[in-house]
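A.B. asks:
In mature numbering (1 follows the signal peptide of the UniProt record, and there is no 0), the protein residues as written are -32 to -1, 1 to 415.
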């Protein structure tokens, strides 16, 4: 998590910044006098922050808005408000006041005063509120985000903001968020831009995910992704996170459902793939899922998201159906590499022992970092690689040090998924530009 200090009324509060991101042409850097710079605080990873980190998967569904904890309003309680998270909820009421961000004073800013915060995350978090930088389309109560008011009130020249996270452990500065443009000293080379494909989060299209230069297969036909500074880890589909876990030697959870699918249906799945059966129909054909026209889903669970009601089909699919769907993806990818059937079934069994922990963390051997592969993401036709020291988080020093994988599993079904959340693990390696005026996001190597 990365934060800064803002002022609401007469009270200074620490805010966590939430954003999401995109990429496609070069954006000129603004002159230094046009930029509004907000320094970010760096906090060491501790056991409490690791608890908060587990939100990374669920927070992919977070709604952006300005949400202040115990902030001072303009007097009196406004209309009630609630925000539901994957691990809890907050409730309170809307207020309005001037908000100071750096040297800027944003007038008549609507925000939520939280009166109840039952979630453990808020109990251990080292911030007072959340400053949302997503689109108004997903703002709670359709409240106008502070970023919109900064633009409409003429407080910044260019409708662009950018993030630079300082990943040098020996330096105290945590980085900067720059409103009104970007600082050339924060990045190397040119940015790659991609268009926003769906307003709400800063969502864009992403291509294949590569482990040591080899395709994982799952996103070869494309996946959706968002860039989000409020998510500590890098979240993605369980099928790919499991493959990454296996390659980096991360501990996982042995799935008996997965092993059962391989032992009882593995050969049948292989035979159907070799017979060129449509992969999305295989699990329904062997009776573990039903087919909704695009892919297998658990019997009795709808496969579409009801936007009007705001209800999901359930990220909680039947374990056997989910295991079958993953096995199909893994086997399909192995067949493309011309592996023998015996090798494929043995490899899938190994993957069944590397499924990510339900708690969101996977440990790795700190001594093995040098032998771990690069993990690359295809964005705008280019590969953005993460090296082991960029995607492994180290907790503590010396013999007591622990190393945690920066990847966590999160499954969002179609039509909104498969979805990746490129959180701080990715944004720390790649300077990120949010171009609101042109509705695009850009990435370049961080300086």
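Beta carbons are placed, not taken as given, at the ideal position from N, Cα and C, and that holds for glycine.
Need the endpoints of the alpha helix (DSSP H) that residue 309 sits in, please.
C.D. replies: Start and end: 309 to 319.
A.B. asks: From the DSSP output, in three-state form, read off residue 2 for me.
C.D. replies: Residue state, collapsed to three classes: helix.
A.B. asks: With respect to the beta strand (DSSP E) encompassing residue 163, which residues constitute its N-terminal and C-terminal limits?
C.D. replies: Here the beta strand (DSSP E) through residue 163 covers 155 to 163.
A.B. asks: From which residue to which residue does the alpha helix (DSSP H) around residue 394 run?
C.D. replies: 392 to 397 is the span of the alpha helix (DSSP H), which, as asked, contains residue 394.
A.B. asks: Measuring alpha carbon to alpha carbon, tell me which residue in 71, 141, 70 and 84 is nearest residue 50.
C.D. replies: When each option's Cα is compared against that of residue 50, the closest is 84.
A.B. asks: Indicate the three-state DSSP secondary structure (helix, strand or coil) for residue 400 in the structure shown.
C.D. replies: The answer is strand: DSSP assigns residue 400 an E or B state.
A.B. asks: So, residue 114 versus residue 177, is the Cβ gap smaller than 8 angstroms?
C.D. replies: No. Outside cutoff.
A.B. asks: Relative to the C-alpha of residue 99, which candidate in 208, 159 and 196 has its C-alpha closest?
C.D. replies: Comparing Cα-Cα distances from residue 99 to each of 208, 159 and 196, the minimum goes to 196.
A.B. asks: How do the segment 347 to 359 and the segment 312 to 329 stand: do at least 3 beta-carbon pairs fall below 8 angstroms, yes or no?
C.D. replies: The segment 347 to 359 is not in contact with the segment 312 to 329.
A.B. asks: Note down the Cα distance separating residue 303 from residue 158, rounded to an integer number of angstroms.
C.D. replies: Cα-Cα distance, rounded: 37 angstroms.
A.B. asks: Could you have a look at residue 101 and say whether DSSP puts it in helix, strand or coil?
C.D. replies: Residue 101: coil per DSSP, three-state reduction.
A.B. asks: With C-beta atoms as the reference, is residue 133 less than 8 angstroms away from residue 414?
C.D. replies: Their beta carbons are under 8 angstroms apart, which means residue 133 touches residue 414 by this criterion.
A.B. asks: Determine the direct distance from the alpha carbon of residue 155 to that of residue 412, and round the result to whole angstroms.
C.D. replies: Straight-line Cα distance between these residues: approximately 6 angstroms.
A.B. asks: DSSP beta-bridge partners for residue 362?
C.D. replies: Looking at the DSSP assignment, residue 362 forms a beta bridge with 371.
A.B. asks: At a cut-off of 7 angstroms, is residue 294 close to the ligand SAH when judged by its beta-carbon and the heavy atoms of the ligand?
C.D. replies: The ligand SAH is not among the ligands present in this structure, which contains no ligands whatsoever.
A.B. asks: Using CA atoms only, rank isn't needed, just tell me which of 204, 60, 71 and 95 is closest to residue 79.
C.D. replies: Nearest option by C-alpha distance: 60.
A.B. asks: For the segment 364 to 373 against the segment 329 to 340, are there 3 or more C-beta pairs whose distance is under 8 angstroms?
C.D. replies: The segment 364 to 373, when compared against the segment 329 to 340, does touch it at the 8 angstroms Cβ threshold.
A.B. asks: Hey, residue 392 and residue 200: beta-carbon distance below 8 angstroms or not?
C.D. replies: Yes, Cβ-Cβ distance for residue 392 and residue 200 is below 8 angstroms.
A.B. asks: Just the Cα atoms here: how many angstroms apart are residue 119 and residue 243?
C.D. replies: For residue 119 and residue 243, the distance between alpha carbons rounds to 57 angstroms.
A.B. asks: Using a 10 Å radius around the Cβ and a threshold of 16 neighbouring Cβ atoms, would you call residue 110 buried or exposed?
C.D. replies: Exposed, because fewer than 16 other Cβ atoms sit within 10 Å of the Cβ of residue 110.
A.B. asks: Quick one, which of 82, 63 and 288 has its alpha-carbon nearest residue 97's?
C.D. replies: When only C-alpha atoms are compared, the closest one is 82.
A.B. asks: Would you check if the distance between the CB atom of residue 387 and the CB atom of residue 380 is smaller than 8 angstroms?
C.D. replies: Result yes, Cβ atoms of residue 387 and residue 380 sit closer than 8 angstroms.
A.B. asks: Three or more C-beta pairs closer than 8 angstroms, one from the segment 340 to 347 and one from the segment 224 to 232: is that the case here?
C.D. replies: No: the two stretches stay apart, fewer than three of their Cβ pairs being nearer than 8 angstroms.
A.B. asks: Could you pull the DSSP bridge partners for residue 387 from this structure?
C.D. replies: DSSP lists 192 as partners of residue 387.
A.B. asks: The alpha helix (DSSP H) spanning residue 299 covers which residue range?
C.D. replies: From DSSP, the alpha helix (DSSP H) with residue 299 extends over 287 to 304.
A.B. asks: Compare the C-alpha of residue 63 against each of 410, 76, 194 and 72 and name the closest.
C.D. replies: Among 410, 76, 194 and 72, the Cα nearest to that of residue 63 belongs to 76.
A.B. asks: Quick check on this structure: which residue in 141, 307 and 301 has the alpha carbon closest to the alpha carbon of residue 6?
C.D. replies: Closest option to residue 6, Cα to Cα, is 141.
A.B. asks: Within its chain, find whatever has a CB closer than 8 angstroms to the CB of residue 245; leave out the 5 residues flanking it on each side and keep chain order.
C.D. replies: So the qualifying residues of the chain are 253.
A.B. asks: Give a yes or no on whether the C-beta atoms belonging to residue 300 and residue 337 are separated by under 8 angstroms.
C.D. replies: In this structure, residue 337 does not lie closer than 8 angstroms to residue 300 by Cβ.
A.B. asks: Alpha carbon to alpha carbon, how far is residue 404 from residue 205?
C.D. replies: Those two C-alpha atoms are separated by around 28 angstroms.
A.B. asks: Is the beta carbon of residue 130 less than 8 angstroms from the beta carbon of residue 400?
C.D. replies: For residue 130 and residue 400, yes; Cβs fall inside 8 angstroms.
A.B. asks: Between which two residues does the beta strand (DSSP E) holding residue 207 run?
C.D. replies: Counting along the chain, residue 207 falls outside any beta strand (DSSP E), though it belongs to the alpha helix (DSSP H) covering 206 to 216.
A.B. asks: Give the DSSP-derived three-state secondary structure of residue 252 in the structure shown.
C.D. replies: It is helical.
A.B. asks: For residue 292, collect the residues of the same chain with a Cβ closer than 6 angstroms to its Cβ; drop the 5 residues on either side in sequence, then sort them by chain order.
C.D. replies: Cβ neighbours of residue 292 beyond the five flanking positions: 229, 251 and 256.
A.B. asks: Under the DSSP definition of a beta bridge, which residues are partnered with residue 61?
C.D. replies: Beta-bridge pairing links residue 61 to 48 and 81.
A.B. asks: Could you check the C-alpha separation between residue 74 and residue 4 for me, to the nearest Å?
C.D. replies: Cα to Cα, residue 74 sits roughly 13 angstroms from residue 4.
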